[in-house]
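Q: Attaching a single structure in structure tokens format; questions to follow.
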Amino acid sequence: MFKISYLDTFIIVLMFALLPIDMINGFLLTNNVNLPISLGQLHKLAILFFLFIRFLFYPQQLLIAVGTSFLLLIPTIYQLTTGFSEPFLFADIIKVSKYLTPLYAFLFFARYIKQAGKKEYILLLKFIKFSYVVLAGNILIKLLGFGYPMYEFGDIGSKGFFYAGNEVSALLIVISSILGIHIWKNFHWSRYLLFTLFTLFVGFTIGSKTGVLGLIIMFTLVPLKPLSFVVNIKKMISFGTAVLILIPIALYSMWRAIQETDLMIRITYFSQKFDLLTFILSNRNVFFRDAWRAYLLKYQGIEKVIGVGQAKFEWLTNDRTVEIDVIDIFFAYGVIGVGLLIFLLSILLAQASRFSKTGNHPFANFVLLMCIILIAISSTAGHVFSSGMAAIFIGLLFGLMYFKKEQLVV
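Below, the structure is given as structure tokens:
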């Protein structure tokens, strides 16, 4: 007799291969081995296929998944009626799936976690630990002379063997936050501090100022959330004392160490070349100006309301997006896309806030905090909710709020 739990386990096993396959995919693409469909896309489509098979057992989840997909495909459907000559249908479907995979994954993990026991919790922990090792190993391999730089100019930073380097920082923040909250809740604060310092070193190796800042904010705020402050007051005093003494020393040492590195060269170069706002936003304000000009001059009638789809948006802007999620969503999917994003995030924030007040959902405060952090990052640096690499992990992160105390083990 078929058991749904077997399908759940099979889907998670497929997810274990996400980052290893992205490594292989990045190696092939970087070496100009272009397949009709990339290995990364093929693997993620396989996961989505089985997720939708899983949704068949819960019609409400299936309705949400299909309904949101249809809403974001409205501009693409409209383009089919306009005679737009560039090939775009498959590209638009892939991009819509990227934006919605966090939702698909959240729906899956929320249901999975509600029914989870100790065995399932341990499996999810193994998935996150394995993914962290693969990610950190890829980034640090640059120190041995392998892998690819984050920025070709000046051979700056590291993205390991991954192709979508601009998504690596968000991925590191998401994965390390899940491991971080587990370590903080279950082990001595000194282990959390060591994990923080090591992950910050990995972040500096990436070479992204937004990624490093996001990690610092995340690791600082995770122990300070209200529930932990009340329950673990002695732990907080010890950790706080160590932070006041060790973190400044560690950050100063890192700063001295990177002053002659590629990251420092990049910061110095761009800070001298651009004004402060352009430097902080890494030229995204300029990208927005160009996209806004295309919107005013090239969007026709209803396209200004519903968008033009991702492929045509990139075609109109010479393959240059703004790289701020909510703005890119507006230009590609119009008010429907922005409204859907705001609606879904509002539901998520409200649910996490409600759970945090019950006292029986130990991850609810954490999910609330991380949702706010990811919204902030996506509003300044992008590549968060549109990240193919981080999408599954974001869904898992948000789904953690459904864990109850009795389900957790060390």
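This note's numbering puts the first residue of the sequence shown at 703, with every later residue one more than the last.
Glycine included, every Cβ here is placed at the ideal spot set by N, Cα and C.
The structure displayed is predicted, hence computed values, not measured ones.
1. Look at the Cβ atom of Gly1009, then the Cβ atom of Pro777, and state whether they are nearer than 7 Å.
2. Counting Cβ pairs, one atom from each stretch, are 3 or more of them under 8 Å apart for the region 1050-1062 and the region 868-883?
3. What alpha helix (DSSP H) runs, 4 residues minimum, are completely inside the region 705-751?
4. Contact check, Asn1080 vs Val1028 under 8 Å by CB: the rounded distance?
5. For the candidate residues Tyr806, Gln762 and Lys705, whose alpha-carbon lies nearest to that of Ile749?
6. Roughly how many angstroms separate the alpha carbons of Gly839 and Leu737, rounded to a whole number?
7. Does the region 1094-1109 come into contact with the region 787-804, if we say contact requires no fewer than three beta-carbon pairs (one atom in each stretch) closer than 8 Å?
8. Determine the DSSP secondary structure at Gly1061, reduced to helix, strand or coil.
9. Just to confirm my understanding: we take Ile843, look at its own chain, exclude 5 residues before and 5 after, and list those with CB closer than 7 Å. What are they?
10. Going by C-alpha to C-alpha distance, which of Phe1068, Leu716, Gln1053 and Met1091 sits closest to Ile885?
11. Leu1050: buried (16+ other C-beta within 10 angstroms of its C-beta) or exposed?
12. Going by DSSP, which residues form a beta bridge with Gly862?
13. Look at the alpha carbon of Ile1044 and the alpha carbon of Gly847, and state the distance between them as a whole number of angstroms.
14. Could you give the distance in angstroms between the alpha-carbon of Phe759 and the alpha-carbon of Asn1020?
15. Would you call the CB atoms of Ser860 and Thr898 closer than 7 Å?
16. Considering only the beta carbon of each residue, do Ile815 and Phe1105 sit closer than 7 Å?
17. If you run the structure through DSSP and keep just helix, strand and coil, what is Phe1087?
18. Whole angstroms is fine: what's the gap from Lys1022's alpha carbon to Tyr997's?
19. Is the distance from the Cβ of Leu753 to the Cβ of Phe829 below 7 Å?
20. Rounded to whole angstroms, what's the CA-CA distance from Ile841 to Ile919? Just pull it up for me.
21. Mapping DSSP to helix, strand and coil, what is His890?
22. Using a 10 Å radius around the Cβ and a threshold of 16 neighbouring Cβ atoms, would you call Val715 buried or exposed?
23. Count the other C-beta atoms from every protein chain shown that fall within 10 angstroms of the C-beta of Pro925, then say buried if there are 16 or more, exposed otherwise.
24. Can you check which of these residues, Leu1071, Tyr708, Gly1011 and Lys831, is closest to Leu721 by C-alpha distance?
25. Starting from Ile776 and walking both ways along the alpha helix (DSSP H), at which residues does that stretch end?
26. Give the secondary structure of Gly839 by DSSP, where H, G and I count as helix, E and B as strand, and everything else as coil.
27. Could you check the C-alpha separation between Ala866 and Gln743 for me, to the nearest Å?
28. To which residues of the same chain is Lys1000 closer than 8 Å at the C-beta, ignoring the five residues directly before and after it?
29. Can you give the beta carbon distance from Val988 to Val1007, rounded, assuming they're within the 8 Å contact cut?
30. By DSSP, does Pro925 sit in helix, in strand, or in coil?
31. Between Val798 and Leu775, is the Cβ-Cβ spacing less than 7 Å?
32. Am I right that Gln1109 and Ala812 are in contact with their C-beta atoms under 8 Å? What's the rounded C-beta distance?
33. Quick one: give me the first and last residue of the alpha helix (DSSP H) that Gly819 is part of.
34. Is Glu1025 closer than 7 Å to Arg986 when the C-beta atoms are compared?
35. Rounded to the nearest angstrom, what separates Leu874 and Ile726 at their Cα positions?
36. Tell me the rounded alpha-carbon separation between Val1040 and Ala719.
A: Straight from the coordinates:
1. Cβ atoms of Gly1009 and Pro777: closer than 7 Å.
2. Note that the region 1050-1062 does not touch the region 868-883; fewer than 3 beta-carbon pairs, one per stretch, sit closer than 8 Å.
3. The DSSP assignment places complete alpha helix (DSSP H) segments of no fewer than 4 residues inside the region 705-751 at 706-718 and 720-732, in order along the chain.
4. The question names Asn, but residue 1080 in the sequence shown is Ser. Right, their Cβ atoms sit about 7 Å apart.
5. Distances from the alpha-carbon of Ile749 to those of Tyr806, Gln762 and Lys705 put Tyr806 closest.
6. Between the alpha carbons of Gly839 and Leu737 lies a distance of about 26 Å.
7. Output reads yes: the region 787-804 touches the region 1094-1109.
8. DSSP places Gly1061 in coil when its eight states are reduced to three.
9. Hits under 7 Å: Gly849 and Gly862.
10. Ranking the options by Cα distance to Ile885, first place goes to Phe1068.
11. So Leu1050 ends up on the buried side.
12. In the DSSP assignment, Gly862 is bridged to Tyr850.
13. Looking at the two C-alpha atoms, the distance is approximately 43 Å.
14. Computed Cα separation, rounded: 43 Å.
15. Cβ atoms of Ser860 and Thr898: not closer than 7 Å.
16. Yes, these two residues count as a Cβ contact at 7 Å.
17. Coil, per DSSP.
18. The question names Lys, yet the displayed sequence has Arg at residue 1022. When only Cα atoms are considered, Arg1022 and Tyr997 end up about 13 Å apart.
19. It is not a contact, given that the beta carbons lie outside the stated cut-off.
20. Cα-Cα distance, rounded: 21 Å.
21. Coil, per DSSP.
22. Result: exposed.
23. Counting every other CB atom within 10 Å of its CB across the protein chains shown gives Pro925 a total of 16 or more, marking it as buried.
24. Ranking Leu1071, Tyr708, Gly1011 and Lys831 by Cα distance to Leu721 puts Lys831 first.
25. For Ile776, the enclosing alpha helix (DSSP H) has its first and last residue at Pro761 to Leu782.
26. Residue state, collapsed to three classes: helix.
27. Cα to Cα, the separation comes out at about 12 Å.
28. For Lys1000, where only same-chain residues beyond five positions count, the Cβ hits under 8 Å are Leu1018.
29. Cβ atoms of Val988 and Val1007 stay farther apart than 8 Å, at about 25 Å.
30. Residue state, collapsed to three classes: helix.
31. Contact flag set, yes.
32. Taking C-beta atoms under 8 Å as the contact rule, Gln1109 and Ala812 fail to qualify, at a distance of about 13 Å.
33. Segment: none, Gly819 is in no alpha helix (DSSP H) and carries neither H nor E.
34. A contact, by the Cβ cut-off of 7 Å.
35. Whole-angstrom Cα-Cα distance: 19 Å.
36. So the alpha carbons of these two residues sit roughly 32 Å apart.
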